[in-house]
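**Q** First the structure, then my questions, so here it is.
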Amino acid sequence: MKDEQARMAEHPELPDIDCIIIGVNSEKTLERCINSILKGSYPQGALHLIYADGGSTDNTIPVARRFSEVSLIELNPEYPTPGLGRNAGWKAGNSPYIQFLDSDTILDPEWLLTAVRAMNNPAIGAVRGYRKELHPEHSFFNWIGDMEWNTTPGECDSFGGDVLVRRTALEATGGYDEELVGGEDPELSWRISRQGWKILMLDALMTRHDLAMTKTSQYLRRSFRSGYGFAAVQSRVGATGSSFWKAEQRRIIIKGGGFLSFTTAALLLCMVQPNMIGFAGAALSFMAACTLLFSPRLFRVEKFMRENKLTKSDAKKYAWHCSLVVLPQLSGISRFYLGQIFNRPLKNKRRHLKTGLSTTAT
């Protein structure tokens, strides 16, 4: 109590913040996330914690109810999406600022103070900081996630699931798209920017995160969904003439689609013309496929070393990722457009949603 009074006395001018946590089957991580908010430097009297649950079937709800400081929203959608939970959360509060968090994150103790100071500029609609993996050393996939969560400090074009947003920006845009199963954060970022607000990446730690990705199958599913998100978002914003994510989607289609086309042509040549001429043509076709897939990424090792402050060995690993990831992403893009044709969009199923935790996570 004395610590809380001291914090209020030190920062009497601080505005209220609604902290919105979302999750499904998050019993392993939710308590840690809530505690990280309550133990931070921001006065608890100015914080309003809301947990929006997407239909958990484990012990997540009892965990949330253990905290008197947390308001619980129990959603029970047939097909949960992040947008459903985040919208339910921010609409249930009335603070001028909203901090969104995924349940598998740990909020840095100083982040809210840092973020609110940045919001003193009325042109800023949202601020983000660094999201760092707890255990990048546990797997190649965790290491990739640790690299790709972040961008260079300064004005940026989008944010992820952890962000502090001005309420008026959410009210002006209507909040999150509740149908998107991927890309909902960048899509909202785009609409906030269109309303005239700026998005700022601060040179400060915002959250720590436990991706807990140790299997290739997890990596492939995540990459598939990122490709689906590229297509879903570009489909929405492209109607306005915006180029947001257009280049990213085009790169995936050209590199991934070209690789598959040339590889298929090589196989057909071997089958149709099983002689030296056919094999030579197949070899040339497959060389073209590999050149398209692996260039220029594998020839940018020096660039990755310089821009990402990587060793040569790590830069090579990152280059392999950048080259190969387009294949599952292409699959995700294809799934989106097939879903458009047959009116079968990708949907989350509650029984498949679960927040993991590294076995040695603290």
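Residue numbers (our numbering): 204 to 565.
No residue lacks a Cβ here, since even glycine has one placed at the ideal position from N, Cα and C.
1) For the region 468-488 and the region 427-438, state whether three or more C-beta atom pairs, one from each stretch, are separated by less than 8 Å.
2) So, Ile536 versus Gln452, is the Cβ gap smaller than 8 Å?
3) Go through its chain and collect everything with a Cβ distance to Asp219's Cβ below 6 Å, but skip five positions before and after it.
4) Is the Cβ-Cβ distance between Leu304 and Thr410 less than 8 Å?
5) Whole angstroms is fine: what's the gap from Leu310's alpha carbon to Pro548's?
6) Taking the beta carbon of Pro325 as the centre, do at least 16 other beta carbons fall within 10 Å, making it buried, or is it exposed?
7) Using only CA atoms, which one of Thr260, Asp307 and Arg331 lies nearest to Leu403?
8) Would you call the CB atoms of Ala407 and Thr467 closer than 8 Å?
9) When you compare only the Cα positions, how much space is there between Asn353 and Leu471?
10) Measuring only the C-alpha atoms, how far is Tyr379 from Gly286?
11) So is Ala415 in contact with chain B if we call contact Cβ pairs under 8 Å?
12) Does the beta-carbon distance from Asp365 to Arg320 come in below 8 Å?
13) Could you tell me if the beta carbon of Ile224 falls within a distance shorter than 7 Å of some heavy atom in the ligand SAM?
14) Which residues share a DSSP beta bridge with Ala255?
15) Roughly how many angstroms lie between the CA atoms of Ile456 and Leu383, to the nearest whole one?
16) Would Glu313 pass as a contact of Ser361 if the rule is Cβ separation under 8 Å?
17) If you drop the 5 nearest sequence neighbours on each side, which residues of the same chain put their C-beta closer than 6 Å to that of Trp448?
18) Please work out which residues of its chain come closer than 8 Å, Cβ to Cβ, to Glu358, disregarding the five sequence neighbours upstream and downstream, and give them in chain order.
19) Does the Cβ of Asp221 have 16 or more other Cβ atoms within 10 Å, making it buried, or fewer, making it exposed?
20) What whole-angstrom Cβ distance do Leu275 and Asp256 have, given they're in contact under 8 Å?
21) Helix, strand or coil for Thr317, going by three-state DSSP, please let me know.
22) Rounded to whole angstroms, what's the CA-CA distance from Trp523 to Leu217? Just pull it up for me.
23) What is the C-beta distance between Pro283 and Asn551, in whole angstroms, given that I count them as a contact (C-beta under 8 Å)?
24) Between which two residues does the alpha helix (DSSP H) holding Gln452 run?
25) Could you have a look at Phe303 and say whether DSSP puts it in helix, strand or coil?
26) What is the rounded straight-line gap between the Cα of Thr565 and the Cα of Asp413?
27) Could you compute how far the alpha carbon of Ala442 sits from the alpha carbon of Leu496?
**A** This is what the structure holds:
1) Contact fails between the region 468-488 and the region 427-438, because fewer than three Cβ pairs, one in each stretch, are under 8 Å apart.
2) Residue numbering aside, residue 536 sits at position 333 when the sequence shown is read from its first letter. Residue numbering aside, residue 452 sits at position 249 when the sequence shown is read from its first letter. Contact: yes.
3) On the sequence shown, residue 219 is found 16 positions in, with the first residue counted as 1. Closer than 6 Å at the Cβ level, and outside the excluded window around Asp219, lie Ala249 and Ser298.
4) Numbered from 1 along the sequence shown, position 101 holds the residue referred to as residue 304. Numbered from 1 along the sequence shown, position 207 holds the residue referred to as residue 410. The Cβ-Cβ distance between Leu304 and Thr410 falls below 8 Å.
5) Against the sequence shown, residue 310 aligns to sequence position 107. Against the sequence shown, residue 548 aligns to sequence position 345. Computed Cα separation, rounded: 33 Å.
6) Start at 1 with the first residue of the sequence shown, and residue 325 comes out as number 122. Looking at its Cβ environment, which holds fewer than 16 other Cβ atoms inside 10 Å, Pro325 is exposed.
7) Here residue 403 corresponds to residue number 200 of the sequence shown, with the count starting at 1. Taking only the C-alpha atoms, the option nearest Leu403 is Arg331.
8) Here residue 407 refers to the residue found at position 204 of the sequence shown. Here residue 467 refers to the residue found at position 264 of the sequence shown. Contact annotation: Ala407 and Thr467 have beta-carbon atoms that are not nearer than 8 Å.
9) In the sequence shown, residue 353 corresponds to position 150, counting from 1. In the sequence shown, residue 471 corresponds to position 268, counting from 1. Looking at the two C-alpha atoms, the distance is approximately 43 Å.
10) Numbered from 1 along the sequence shown, position 176 holds the residue referred to as residue 379. Numbered from 1 along the sequence shown, position 83 holds the residue referred to as residue 286. Each residue's Cα considered, the two are about 5 Å apart.
11) The question asks about chain B, but that chain is absent: this structure has only one protein chain.
12) In the sequence shown, the residue the question calls residue 365 occupies position 162. In the sequence shown, the residue the question calls residue 320 occupies position 117. The answer is no: Cβ separation not under 8 Å.
13) Only the bare structure without any ligand can be found here, which leaves the ligand SAM out of the picture.
14) The residue you call residue 255 lines up with position 52 of the sequence shown. Paired residues: Ile225 and Ile276.
15) For the purposes of this step, residue 456 is identified with residue 253 of the sequence shown, where counting begins at 1. For the purposes of this step, residue 383 is identified with residue 180 of the sequence shown, where counting begins at 1. Rounded to whole angstroms, the gap between the alpha carbons of Ile456 and Leu383 is 21 Å.
16) Indexing the sequence shown from 1 puts residue 313 at position 110. Indexing the sequence shown from 1 puts residue 361 at position 158. The answer is no: Cβ separation not under 8 Å.
17) As a position in the sequence shown, residue 448 is number 245, starting the count at 1. Result list for Trp448: Phe433, Val436 and Gln437, in chain order.
18) On the sequence shown, position 155 is the one that residue 358 refers to. Only Lys401, Ile402, Leu403 and Met404 meet the Cβ criterion.
19) Numbered from its first residue, the sequence shown carries residue 221 at position 18. By the 10 Å Cβ count, Asp221 comes out buried.
20) On the sequence shown, residue 275 is found 72 positions in, with the first residue counted as 1. On the sequence shown, residue 256 is found 53 positions in, with the first residue counted as 1. Rounded, the Cβ-Cβ distance is 7 Å, consistent with contact.
21) Reading the sequence shown from its first residue, position 114 is the one you call residue 317. It is helical.
22) Counted from its first residue, the sequence shown places residue 523 at position 320. Counted from its first residue, the sequence shown places residue 217 at position 14. About 46 Å.
23) Residue mapping note: residue 283 aligns to position 80 of the sequence shown, counting from 1. Residue mapping note: residue 551 aligns to position 348 of the sequence shown, counting from 1. Yes, Pro283 and Asn551 are in contact; Cβ-Cβ is about 5 Å, under 8 Å.
24) Within the sequence shown, residue 452 is the residue found at index 249, counting from 1. Residues Lys449 to Ile455.
25) What you label residue 303 is simply residue 100 of the sequence shown in a count that begins at 1. If DSSP states are grouped into helix, strand and coil, Phe303 belongs with the strands.
26) Residue numbering aside, residue 565 sits at position 362 when the sequence shown is read from its first letter. Residue numbering aside, residue 413 sits at position 210 when the sequence shown is read from its first letter. Because the pLDDT at Thr565 is just 33, under 50, the model does not fix this residue reliably, and the point stays unresolved.
27) Within the sequence shown, numbered from 1, the residue matching residue 442 stands at position 239. Within the sequence shown, numbered from 1, the residue matching residue 496 stands at position 293. Between the C-alpha atoms of Ala442 and Leu496 there is a straight-line separation of about 29 Å.
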